[in-house]
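Protein chains in written order, with full-length UniProt numbering: chain A, 1 to 271; chain B, 1 to 361. Quick reminder that beta carbons are idealized off the backbone N, C-alpha and C, glycines included. Small disclaimer: the values here were computed from a predicted structure and weren't measured. Comments concern the structure below.
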């Protein structure tokens with residue numbers, strides 16, 4: 001499961017080694033058992049309930065984890081599917097990643113109730129320290145057990161933080177202080193604190209951790225280089241995979257004299 | 001048309017039915033009839049029987065047998081798992097349906113009318129239509145969105161809009177708008193078997209209308225190809241292009257005009273995305289005149305698209321007159337009965353337009 005480093009990085013730079021060949025971009029990454037990234041925040045939550053419903057329908061013990069932020073947590077469609085998931089005992093794990101800010105609007109200014117784990121009302125909710133790797137793991141384990149035992153949906157609120165801005169156009173400093181960001185980085189960073197835990201428990205030495213970090217950093221650097229230099233897909237892929245089975249005679253281009261040929265290149269993973 | 005309030009209206013309807021048979025170009029071996037409602041019901045039943053992954057969801061589709069009885073008997077036959085009553089939460093259940101399709105099932109998502117699909121339109125367009133493309137072919141969405149579209153009778157402004165233009169605008173979707181019972185059966189089956197999202201625009205007024213049905217159409221594997229129009233009535237003087245109920249209005253107008261020696265070729269689009277440009281162009285080359293007929297609003301409507309395509313095609317050089325669009329009036333639908341009648345094209349409006357285009361008194 002998951003998408004390898006290069007697949008993510010190249011998708012960000014829109015190159016052919018991206019997990020969606022560069023056609024999806026930062027908001028639309030796909031892979032086995034990973035149904036995206038959705039640019040319409042909140043829309044992915046009903047999709048997640050649908051995927052979980054499909055698991056139940058086909059008799060498998062699969063669950064679906066549907067993640068959304070504190071900003072999207074106020075979307076009406078999220079409440080619509082809390083209702084249906086609970087009504088039909090759908091094995092969906094709702095995860096609200098509360099990092100304190102929508103884009104630039106803090107949770108206090110956006111939500112009448114910021115206790116997101118309670119917002120599911122009749123859907124039981126758990127508040128989790130999202131900066132604690134082990135807490136997140138335990139909460140995930142618990143939720144998967146909960147859902148697979150036929151108890152229906154569950155809601156997890158992960159308290160976390162966002163260091164950078166929301167997107168490329170947001171510097172991230174117009175609505176909070178640099179000191180606030182620094183403080184979190186120094187006291188609550190999940191990777192740093194987990195590393196300290198490992199060393200304190202003598203599961204690895206500081207030296208070994210250093211070597212691991214260097215190896216990972218080298219791999220990331222390597223993949224970043226590739227992601228920046230890899231080529232984009234060819235122009236003919238502008239009109240591929242619009243349909244799995246196109247019934248159009250041709251795809252209309254910029255002018256009526258531009259008749260483009262549709263091709264289906266993809267092998268859908270969900271079929 | 002289902003109004004049977006007077007004896008003369010009954011006679012007119014019988015006459016229409018008998019004469020309609022003479023216009024259909026499909027071969028009819030036996031005189032069997034089917035209403036559009038039964039055609040859809042049978043199509044859904046056959047596809048659910050054939051493929052375990054097919055299931056139905058929407059408001060009142062199960063226990064109530066469907067708001068318009070299209071899903072009558074299906075919940076009784078297939079049970080809760082495959083026929084699901086949803087709460088009145090279109091955005092939510094449409095999204096759930098799309099997610100289920102992404103995960104490999106074949107949902108048929110009913111909108112009680114397409115007016116309510118506006119609440120869920122983000123899921124139809126952004127989640128369903130675009131996903132195969134955005135995922136570079138990794139995730140396809142074999143979903144069907146179906147329900148009554150366009151003008152009904154006496155349901156006023158918020159319940160009478162035609163969404164043909166809005167949905168057919170978007171690449172990634174297939175959009176069909178059947179007219180005859182055979183169209184409905186063949187297209188709902190084709191839509192369910194299709195690996196891409198298909199929007200099936202039905203019509204409430206057509207549900208109760210009976211059509212003759214060929215032996216071929218009674219088969220469990222009868223399909224109507226998506227993207228192919230049908231010539232309902234051949235003619236040589238002018239081409240009328242329409243979809244859904246407007247085909248009936250065009251056929252009625254054609255009958256009246258035939259009495260005056262004007263032979264109309266009536267094209268039943270059946271699909272509006274893809275649009276069967278080839279059939280329309282071929283017809284215009286033959287007749288040299290074109291009128292589009294629809295119940296929807298004029299601006300950016302189906303007729304507008306047909307006009308644009310004709311302008312950009314070889315057919316332009318064969319036109320002896322400009323293409324004219326006959327459409328609904330550019331206003332929200334009034335409740336007042338006489339105003340509602342005046343808001344929608346009637347056969348006499350089409351007759352008037354044909355005579356004007358052909359410069360006939």
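Which residue comes first and which comes last in the beta strand (DSSP E) that contains residue i?
{"i": "residue 35 of chain B", "result": "32 to 35"}
{"i": "residue 231 of chain B", "result": "230 to 233"}
{"i": "residue 242 of chain B", "result": "238 to 242"}
{"i": "residue 109 of chain A", "result": "Run containing residue 109 of chain A: none in the beta strand (DSSP E); it sits in the alpha helix (DSSP H), 107 to 110."}
{"i": "residue 127 of chain A", "result": "125 to 129"}
For residue i, return the contacting residues in chain B, with the cut-off set at a CB-CB distance below 7 Å.
{"i": "residue 245 of chain A", "result": "194, 195, 196"}
{"i": "residue 49 of chain A", "result": "96, 99"}
{"i": "residue 23 of chain A", "result": "133, 134, 136"}
{"i": "residue 30 of chain A", "result": "135, 138, 139"}
Could you give the DSSP three-state label for residue i: helix, strand or coil?
{"i": "residue 292 of chain B", "result": "strand"}
{"i": "residue 56 of chain B", "result": "strand"}
{"i": "residue 206 of chain B", "result": "helix"}
{"i": "residue 313 of chain B", "result": "coil"}
{"i": "residue 93 of chain B", "result": "helix"}
{"i": "residue 88 of chain B", "result": "coil"}
{"i": "residue 76 of chain A", "result": "helix"}
{"i": "residue 158 of chain A", "result": "strand"}
{"i": "residue 171 of chain B", "result": "coil"}
{"i": "residue 265 of chain B", "result": "strand"}
{"i": "residue 86 of chain A", "result": "helix"}
{"i": "residue 23 of chain B", "result": "Low local confidence applies: a pLDDT of 46 at residue 23 of chain B is under 50, so the model's placement there is unreliable, and no value is given."}
{"i": "residue 45 of chain B", "result": "helix"}
{"i": "residue 287 of chain B", "result": "helix"}
{"i": "residue 233 of chain A", "result": "coil"}
{"i": "residue 101 of chain A", "result": "strand"}
Using 8 Å as the limit for Cβ to Cβ distance, is residue i near chain D?
{"i": "residue 15 of chain A", "result": "No chain D is present in this structure, whose protein chains are A and B."}
In chain B, what lies closer than 8 Å to residue i by C-beta?
{"i": "residue 63 of chain A", "result": "The premise fails here: residue 63 of chain A is roughly 12 Å from chain B at the closest Cβ pair, so nothing lies under 8 Å."}
{"i": "residue 20 of chain A", "result": "134, 135, 136, 138"}
{"i": "residue 248 of chain A", "result": "227, 274"}
{"i": "residue 35 of chain A", "result": "99, 102, 103, 139"}
{"i": "residue 121 of chain A", "result": "Under the 8 Å cutoff, chain B gives no residues; its nearest Cβ is about 15 Å from residue 121 of chain A."}
{"i": "residue 264 of chain A", "result": "137"}
Are residue i and residue j close, meaning C-beta to C-beta below 8 Å?
{"i": "residue 103 of chain A", "j": "residue 71 of chain A", "result": "yes"}
{"i": "residue 145 of chain B", "j": "residue 124 of chain B", "result": "yes"}
{"i": "residue 159 of chain A", "j": "residue 129 of chain A", "result": "yes"}
{"i": "residue 88 of chain B", "j": "residue 49 of chain A", "result": "no"}
{"i": "residue 94 of chain A", "j": "residue 123 of chain A", "result": "yes"}
{"i": "residue 111 of chain B", "j": "residue 147 of chain B", "result": "yes"}
{"i": "residue 72 of chain B", "j": "residue 80 of chain B", "result": "no"}
{"i": "residue 52 of chain A", "j": "residue 78 of chain A", "result": "no"}
{"i": "residue 196 of chain A", "j": "residue 16 of chain A", "result": "no"}
{"i": "residue 227 of chain B", "j": "residue 271 of chain B", "result": "yes"}
{"i": "residue 221 of chain A", "j": "residue 137 of chain B", "result": "no"}
{"i": "residue 116 of chain B", "j": "residue 84 of chain B", "result": "no"}
{"i": "residue 285 of chain B", "j": "residue 331 of chain B", "result": "no"}
{"i": "residue 54 of chain A", "j": "residue 105 of chain B", "result": "yes"}
{"i": "residue 243 of chain B", "j": "residue 294 of chain B", "result": "yes"}
At a CB-CB cut-off below 9 Å, which residues of chain B make contact with residue i?
{"i": "residue 166 of chain A", "result": "Near residue 166 of chain A there are no residues of chain B at all, since even the closest Cβ is about 19 Å away, more than 9 Å."}
{"i": "residue 124 of chain A", "result": "What residue 124 of chain A touches in chain B: nothing, since even the nearest Cβ is about 20 Å away."}
{"i": "residue 1 of chain A", "result": "Residues of chain B passing the Cβ test: none, with the nearest at roughly 14 Å."}
How far does the alpha helix (DSSP H) with residue i in it reach, from first residue to last?
{"i": "residue 198 of chain A", "result": "190 to 200"}
{"i": "residue 209 of chain A", "result": "206 to 229"}
{"i": "residue 147 of chain A", "result": "133 to 148"}
{"i": "residue 187 of chain A", "result": "178 to 187"}
{"i": "residue 188 of chain B", "result": "181 to 193"}
{"i": "residue 68 of chain A", "result": "Taken as a continuous stretch (DSSP letters only), residue 68 of chain A belongs to no alpha helix (DSSP H), being part of the beta strand (DSSP E) at 64 to 69."}
{"i": "residue 51 of chain A", "result": "44 to 57"}
Since residue i meets chain A, which of its residues come closer than 8 Å, beta carbon to beta carbon?
{"i": "residue 126 of chain B", "result": "38, 39, 40, 43"}
{"i": "residue 87 of chain B", "result": "80, 83, 84, 87"}
{"i": "residue 93 of chain B", "result": "46, 80, 84"}
{"i": "residue 81 of chain B", "result": "57"}
{"i": "residue 161 of chain B", "result": "In chain order: nothing, as chain A lies at least about 22 Å away."}
{"i": "residue 312 of chain B", "result": "256"}
{"i": "residue 174 of chain B", "result": "243, 247"}
Return yes when the C-beta of residue i is under 7 Å from any heavy atom of the ligand MG, and no when it is not.
{"i": "residue 104 of chain B", "result": "Questions concerning the ligand MG fall outside what the structure shown contains, since it holds no ligand whatsoever."}
Applying a beta-carbon distance threshold of less than 9 Å, which residues of chain A neighbour residue i?
{"i": "residue 164 of chain B", "result": "Under the 9 Å cutoff, chain A gives no residues; its nearest Cβ is about 17 Å from residue 164 of chain B."}
Would you mind telling me which residues of chain A sit closer than 7 Å to residue i, beta carbon to beta carbon, in chain order?
{"i": "residue 171 of chain B", "result": "242"}
{"i": "residue 122 of chain B", "result": "40, 43"}
Worksheet item: Of all the alpha helix (DSSP H) runs that stay within the bounds of the region 110 to 163 of chain B, which reach a length of 4 or more residues?
Response: 131 to 134
Worksheet item: Can you list the alpha helix (DSSP H) stretches of 4 or more residues lying completely in the region 306 to 357 of chain B, in chain order?
Response: 337 to 343, 347 to 357
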